[in-house]
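Asker: Just dropping this structure here.
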Amino acid sequence: MSTPKGSVLVVGGGIAGVQAALDLADSGFYVHLVEKSAAIGGSMSQLDKTFPTNDCSACILSPKLVECGRHLNINLLTLSEVLSIDGEPGSFKVKVRQNPRYVDVDKCIACGNCAEKCPKKVPNEFDLGLGTRKAIYLRYPQAVPLKYAIDPEHCIYLKKPGRCGFCEKECPAGAINFKDTPREHDIEVGSVILALGFKPFDPSRLDFTGYGQFKNVVTSMEFERLLSPSGPCLGHMERPSDHQEPRKIAWLQCVGSRDINKACHGYCSSVCCMYAIKQAVIAREHSESGDVDATIFFMDMRTHGKGFEAYYDRAREEGINFHRARVHTVLPAGNDNLKLRFTGEDGKLREDEFELVVLSVGLETDPQVMRLAHQLGIHLDSDSFAETTCFQPVETSRKGIFVCGALAEPKDIPQSVMEASAAALEAERILYPARWTETRKKEFPPERDVHAEPPRIGVFVCSCGINIASVVDVQAVTDYAWTLPGVVLAQNNLFTCSQDTINQMADIIKKENLNRVVVASCTPRTHEPLFQETLREAGINKFLFEMANIRDQDSWVHQNDPEAATIKAMDLVRMAVAKVRGDDPLPYNSVTVTKSALVIGAGVAGMTAALSLADQGFPVTLVERKDRLGGHGRKFFRTWQGQEIQPYLEELVDMVESNEKIDVCLGSTIQEVSGSVGQFKTRLSNGKEIEHGVAIVAVGAESYKPREGRWNFLYGKNPAVHTLLELDQKFIKGEIDAKNLNQAVFIHCVGSRVPERPYCSRVCCTHAIDQAIHLKETNPEMDIFMLYRDIRTYGKREHLYQKARALGIIFIRYDLDNIPRVTEENGRLRIEVKDPIIDADVTLHPDLLVLASAVRPRDDVGELSKLFKCAMSSDGFLLEAHMKLRPVDFATDGVYLAGLCHYPKPVEETIAQAKAAASRAGLVLSRDAVPAESITAVVNLQKCTGCSVCTKVCAYHAVNMDPNTGKAAVDTGLCKGCGACVAGCRSDAITLKNLGNEQIMAAVEAAMDDIQAGQGL
Amino acid sequence: MLDKAGFEDWLRELAGQFEIFGPKANDRGIVNWQKLNEGELPDERPGVPKGSIKTFFFPQPETLLEFSARPGTEDAFIPHEPGTEHKPRLVVGVRPCDARSVVLNAMPYEDDPYFHKNRQNVVLIGLACRQGCSTCFCTWTGGSPVGTEGLDILAYPVSRGYVLEPVTERGASLVESAGPGNDATGAELKELEEIRSKAPSSLPETMELAPRLREKGLMDLYNAPFWQQLSDSCINCGTCTFLCPTCYCFDIQDETLRGKGRRIRYWDSCMFPLFTLHASGHNPRGEKVKRVRNRFMHKLKYFPERFGPLSCVGCGRCVRDCPVNIDIRQVINELLAT
Amino acid sequence: MTTANERITQELRQRARQLLESGQVAAFVGYTSGSMPMVMQPFVARTPEETDRLEWNSFCVLNLANYLPALLKSLEPPRRPGDPPPEGPLPKVGVVATGCWSRNMVVQIQENQVQRERLVIIGISSRGMVDRKKVLGLVGHADVTSVKEDDNSLLVKGPGLEQEINRWDVIRDNCACCVHPDPVIFDHMIGDLKGERKLGERFKQVEEIENMSVQARWEWFTSEIDSCIRCYACRNACPLCYCPTCFVDDSRPQWVGKSIEPVDTAIFHIIRAYHCAGRCTDCGSCESACPMGIRMRILTKKLQKDVLELYGTEAGMSLDTPLPLSTYKLDDPQDFVLTESLKGEKK
Amino acid sequence: MSDIAKKQAEWQPKIIAFLCNWCSYAGADLAGVSRYQYPPSLRIVRVPCSGRVSANMILDALRSGADGVLVSGCHPGDCHYISGNYYARRRFAVLKRFLEFVGIEPDRVNFSWISASEGEQFAEVATEVTERVKKLGPARHLVKEF
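Residue numbers (our numbering), protein chains in the order written: chain A, -7 to 1009; chain B, 1035 to 1372; chain C, 463 to 809; chain D, 51 to 196.
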């Protein structure tokens, strides 16, 4: 193949598309991002909060969107759709149609005058029609790009030229262009990623839900908007009929999922259980009355993700009701309430009345997307999701075209983000020779030298929609900021992080000659980089910036004390101003990258990651503590889709062993790690010293063996008792003679979802059912009983569950109050279990008992995480940097994780995560240098006594005694800016740039100057 | 003449218009300047109190001006006179040497409003010395154990009480206010005479030091060899300067705090390296020997050349409390020998 | 019959003379007597002849380690900034060292203020020194003109004063509670090593205060320091206070005000003492130098006690024990940490 | 409730909280994200590491008028900078005992370990410290006045 193109087409501007675009653009490829609506953000931008962390969806998404919108190597094509794709991997020709916006994006300043004057009200699809917008509109307040668009369907002028045209008259920027026409772009790319997402199931075809007939029956997506501060009722939860706050709410699960009869969707939508719980929790938080009765009607509670089960437990403690029942009728009741009819677990018919009913609708593929897929020659499966395999989780049926996110199968945000990175990786694998060939480099204007200038500080106070403004009097804070010394400008913004405010900020800095900036909004931990880059664009050194955290650490934690919160906000602003006044411009340091990787653990995850990097030409050291490759994977029989795992594993092993870029170190472990991103030094147990730029941790997990305790079930005592993996071994070796088995029993959740191991092991339900099917298919005569708590065959795996039932496998539910009792009668197993449906004890005499035992973290994972300074979750699995949006990164730069050490997951997810980790690692390896610490220690030779305390307390050996001067000297390359030396020094002779005693104490002393009563208030 | 009881009553009277201070022993037996409570008389032990009376004329600190450092307020950062006015002070039991120091300090502080304000506010009632101590040498410096320079009233301690000798008008009117008191008996007048005649003889012989040192060549003294060894033992603490009644050097600093600010003047010492450290980092008196030399040269040579008298009253505090026993009397002898 | 101190004085003069004559040292730091009784004058002998002025008695209270860094520096060939360090061995200094002084020198060596190889240490196992202020207290702060001592008593004279005092009644507080009278490093000993002193109430002074109520402790502390005139004799007498710019002179930020207002004085004494944490060898120089009789030693003694309790080390006992605040153990005590104590309560 | 008691209850102390960027500051953010409510008494100062905080800084906070001080870092072993909090632990152990020795109330100066995932614990500590300081009333001992 001739050198491929250095650019990639990403279709779909949801979180998956955005992540893929950012990964690619940051590792040397030019990206065309095609979005059919007027703004990127996708479904995630419509959500209020996200589970399980209750992060504000917009808050965590916004920085990524803005980054994407500002990215030099991402070409944003909104209001666009792909018409055709020709060619093959390495060089595709793409036709894209971009529909007219009728607003010149270069001119629009998003002031909103146009929309204000526009006479045409239309239902707002972003609020799913619950609210209205104008014919000229913004998709949502933080939209990227933050540019208005005219909706040709409803614009009076466009329909009858000559009429209306108010917007054109009103626009101060002259941005309106009624003559705008569709444009066609011919784009050449090397690869394509489809991230077209999903569409919420439309329940109006299910008459029993009453949706469309009764106002107070809403879909879950509609309810998200009702909860959202930027939604139709500004976060004051109201029900549609009378705009009163509902005090009794019901959620109906599996609407449009797990329903072959009416909805024709056999699959499980994976996310509904969690978002329903989340909505119930948030609804109670939001409610002004404070007493919302929330009930969730479900079949199986599917909280199979990281931190999900704990979230479920907490919801129950908080008093949210969970009813295991499928509601079959929704009837009208007095004053717009609704009567629900359902059968209780006892089989008796029940009725209950609710003020609002939320339908937890499933995820399905948009018919338009189906059509597009057809045009592009992408196969969809029976559920109309893009067809992939367990071993190639992000490859479509067409070579060079990859898929990620909900288009391949319903999934949650972290899973989508993971796949997005994986898809990016696959594209890079094809296109790596063309890295940096089509990208442009960010050029910042030269920085103004502000040394001699007196401080000219600008203060930007953010309302964060209502997140801050609903508690803190932001206007008062802004007025107060004006009075602070050095402040020459203070203003209040609705969303300081929104694209237009950011741009405006840059203009103001130039116009007002600001040389210091303070933003009072959320936490610097997420937003500082964004604002700092804005300073650079305005020609100001980015370290002349401070943030006052008046949201996470003020408005959100003092919701009931607005006055105190406002005074605190003023204090925080005053502190930030005092601090920034003393800040100096700092140099931008960088560290040259050792372009090789260390991968720890040679299981499926480790080997996949290693190959993914080696294939791009990066040398990899693959360390495995055992003396053979393969890891946990050696124990598995087949994927849920039926592909045998061992042959695949052998293939993988061969590829690794034959790849000369990969140096395999068997039987060795990590002894010592030093350095940091770009320049790690690691010593192995075999004495080997390795220099590497990045590290991927893929050390796997192990399966729980219930040797004693209440989950023992005679395991290890009676030969007929096995774990899932042991049975797999028998399948692999063909040691099991199904023909001669009369009865098999599987017990689920052995050691999972229990106090000592409160998480769900995610894989066991599917695994067990697949084994049961395998047995039943080899011996249809066999009776098979599944003793379970909730069946969690999420996504397409649900089909296995249906198949199992169809094959006559019997499912009996148990709960922690009556765990099956397993005993022995002269060597023969005897199991008693209570069947809740018939409400009677059942006795079984299996000649095979299989325990679906938990996946547990390895005990030695702790030391390893310490070596790399990574965090661990309370469950003992490794903790990623952010549960939602950084699922494979550690908080420590340059270290990534993949596979079971992160959380239990099936092989297809392990592979995807491994490729994602490789993609993230590529961000570092693809560059010659990564930015290094600018905030480093400096020695004041006049004050230094050479006592060497600093050298002793420095963990990085960054401070040493200079034999010539006999005083301390700092190696800025090694210094991490922790300040241990500063605090250790009695002579104030060593300090941190911009974090010296002077700057810090300036803030402290400022904090103590109380605002006189009434001042600014 | 007032007997002890009468003197007490008098102080009780004066307590109405003055804060009254005097030498008083603390729980560690150290005599220093403290407020005298009703019925307390000044400690009469021979010798001077620990600290000198400069604390009444150079308070530690002296607030020079105040300002608001609170942003937004209209008067922010605009300095104004300090508000703190305190009651006039009456200091009793002042030894003549201490009193004389005020006169000497007034020379360089001629134009200093703060010094003068304090002087107007402080009345000094002296206590004549019956005899000097081993560390006293006022007689070398032009002073006398019964000198009245700088005092408003000099009190002679006699067995029954005190014989008061008004020195200034202000002193006189105060003595008036004491009422007739009781007439001094012949015996008491004899006592008084004895003090006048004997006290000086208990001290080193008077010598006209100032003129003799003025005659010496400045550079000869400056380059004298003994400075090095003398300074070897010095630890550069400020004891001598801070206890010395005629060390008047100060530093000025602005303090801001919770929206308030003030500019204060506080004692500094030429013994500290930072005393002469320039912003440039250069220090003309970087080495200890230069600082030690400067202190003595200032008192015994530069000051006399500028103002006439020595900048030393021979109270002997520096001799008594120097931790390494540097003795200005030996320095004087070395200089005279040069 | 001569006293112990007289015998020491004799041997000291001989040793010092030898060292200077043989050129082993360029200078010798000891004590000589000056004009005042009970106040000895630290003295640098640069010629063999000058060694005759050396004296040793019960009033050699200031820690001579204090003079070493500057003296050593003064003997180095002059260097401009940026010049490489001088080649070859540098001139040495001889010095007298008792237990606490020698421990102090150990810390100075650990903190690169002096180099062991440039010192010739004449060790003396201390009999404990006399507190001049205690003597003056006993004689009602009378004018003392001469003091004659023999091994166990002092004869104090002044105008109308002649009083014999038992030496052991007026021993300095730090000497009274000293358990390590022997030098830990030395090149020659004068007299024998005495070995550790067994002492029941080593931290008595500190414990008495620890047992007070928090309010009483504050009152004790403030009254103890209320006469401070900020002359910094305590700081300057301390060999461990060698910062070119002391925290009291920092203005950005200003850690402590310069006046004698109570808060400023309090913070000065707190930080001064804290800076000696884990370093102070309880030589008592600070207290001896103080003109006002403030017992700031109790503060550093408290720190010494805590460091010993918490981390089991004492400053200067050996050259290879790291200073306690520049090292750590994984299991250092942390019951003072709120989250830990709360955990405790919950259990 | 007596007037004094009321005043005490209404009085909101000012507490300077030095939080390490990687654990405790993140914990404070998480408290916000999870909407755990606590008294508005803290003034949070972000420092890179608890090892950055010196005795001088704590004293200066009190000198400037803080009614209390809280220093919080990563749990031992979790320090983002490997060992910063170990050195801090020694400095603070010695300092805390010393301040108590000279008569500073034990509850004025507090230390805690709070990780990035301990939002609830942060709110707990913030509340606990505030309560303790409230019991003591406004700081006086080391507060510079003029």
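Beta carbons are placed, not taken as given, at the ideal position from N, Cα and C, and that holds for glycine. This one's a predicted model, so the numbers in the text were calculated from it and none came from an experiment.
(1) Determine the DSSP secondary structure at GLU277/A, reduced to helix, strand or coil.
(2) With the cut-off set at 8 Å, would you say ALA910/A and ALA883/A are in Cβ contact?
(3) Who are the Cβ neighbours of CYS1283/B in its own chain at under 8 Å, not counting the five residues just before and after it?
(4) Using a Cβ-Cβ cut-off of 7 Å (strictly less than) and excluding sequence neighbours within five positions of ASP40/A, which residues of its own chain qualify?
(5) Buried or exposed for ILE830/A, please, with buried defined as at least 16 other CB atoms from any protein chain shown within 10 angstroms of its CB.
(6) Beta-carbon of GLU573/C versus every beta-carbon of chain A: anything under 8 Å?
(7) Of the choices MET502/C, THR471/C, THR494/C and LEU481/C, whose alpha-carbon is the least far from that of SER747/C?
(8) Going by CA-CA distance only, name the one from GLN38/A, ARG919/A, ILE179/A and MET774/A that's closest to GLU73/A.
(9) For ALA690/A versus GLY891/A, is the C-beta distance shorter than 8 Å?
(10) Beta carbons nearer than 8 Å to chain B: which residues of the stretch 981 to 1003 of chain A have them?
(11) With a threshold of 8 Å between beta carbons, is LEU1098/B in contact with chain D?
(12) May I ask you to verify whether the stretch 673 to 684 of chain A touches the stretch 654 to 664 of chain A, counting CB pairs closer than 8 Å and requiring at least 3?
(13) In terms of residues, what are the limits of the alpha helix (DSSP H) holding ARG754/A?
(14) Just to check my reading of the structure: ARG781/A and HIS714/A have Cβ atoms closer than 8 Å, yes? What is that Cβ distance to the nearest angstrom?
(15) Look at the alpha carbon of LEU841/A and the alpha carbon of GLN905/A, and state the distance between them as a whole number of angstroms.
(16) Does the CB of GLU1115/B have a neighbour CB from chain D at under 8 Å?
(17) For the beta strand (DSSP E) that GLU816/A lies in, which residues bound it at each end?
(18) Note down the Cα distance separating ALA8/A from CYS396/A, rounded to an integer number of angstroms.
(19) Give me the chain B residues within the contact set of GLN503/C, using Cβ-Cβ distance strictly less than 8 Å, ordered along the chain.
(20) Does ARG1297/B get closer than 8 Å to chain D when you measure Cβ to Cβ?
(21) With 8 Å as the threshold, decide whether the Cβ of GLU277/A is near any Cβ in chain D.
(22) Using DSSP's beta-bridge definition, name the partner residues of PRO504/C.
(23) Could you tell me which of GLN1263/B, PHE1171/B, LEU1223/B and PHE1092/B sits nearest to TYR493/C, measuring between CA atoms?
(24) Could you spell out where the alpha helix (DSSP H) holding THR124/A opens and where it closes?
(25) Note down, in chain order, every chain A residue with its Cβ under 9 Å from the Cβ of LYS64/D.
(26) Pair every Cβ in the stretch 562 to 572 of chain A with every Cβ in the stretch 103 to 121 of chain D, then say whether three or more of these pairs are closer than 8 Å.
(27) State the DSSP-derived secondary structure class of TRP72/D, mapped to helix, strand or coil.
(28) Taking the alpha-carbon of VAL83/D as reference, which of GLY187/D, ALA189/D and PHE172/D has the nearest alpha-carbon?
(29) Please classify THR560/C: does DSSP put it in a helix, a strand, or coil?
(30) For TYR137/D, which residues in chain C fall below 7 Å Cβ to Cβ?
(31) GLU672/C versus chain D: which residues are under 8 Å apart at the beta carbon?
(32) Mapping the DSSP letters down to three states, classify ILE1362/B as helix, strand or coil.
(33) Take SER376/A and list the residues in its own chain whose beta-carbon comes closer than 8 Å to its own, dropping the five residues that flank it on each side.
Answerer: In short, the structure shows the following:
(1) In the structure shown, GLU277/A adopts helical secondary structure according to DSSP, grouped into three states.
(2) no
(3) THR1275, TRP1301, ASP1302, SER1303, CYS1304 and PHE1309
(4) SER49, GLU216, LEU219, SER220 and ILE274
(5) exposed
(6) yes
(7) Residue MET502/C is the option with its Cα nearest to SER747/C.
(8) ILE179/A
(9) The answer is yes: Cβ separation under 8 Å.
(10) GLU997, MET1000, ASP1001 and ASP1002
(11) Chain D, which has no Cβ nearer than 8 Å to the Cβ of LEU1098/B, makes this no.
(12) yes
(13) No alpha helix (DSSP H) contains ARG754/A, which DSSP labels as neither H nor E.
(14) So it is not a contact: roughly 20 Å between Cβ atoms.
(15) Distance between the alpha carbons of LEU841/A and GLN905/A is about 33 Å.
(16) no
(17) The continuous beta strand (DSSP E) containing GLU816/A extends over residues 813 to 817.
(18) 7 Å
(19) Correct list: SER1267, VAL1358, ASN1359 and ILE1360.
(20) No, its Cβ sits nowhere closer than 8 Å to a Cβ of chain D.
(21) yes
(22) TYR493/C
(23) GLN1263/B
(24) Taken as a continuous stretch (DSSP letters only), THR124/A belongs to no alpha helix (DSSP H), being part of the beta strand (DSSP E) at 124 to 126.
(25) ASP563, ALA999, MET1000 and ASP1002
(26) no
(27) Coil.
(28) PHE172/D
(29) coil
(30) Simply TYR790.
(31) PHE151
(32) Looking at ILE1362/B - three-state DSSP - the assignment turns out to be helix.
(33) GLU356, THR357 and MET362
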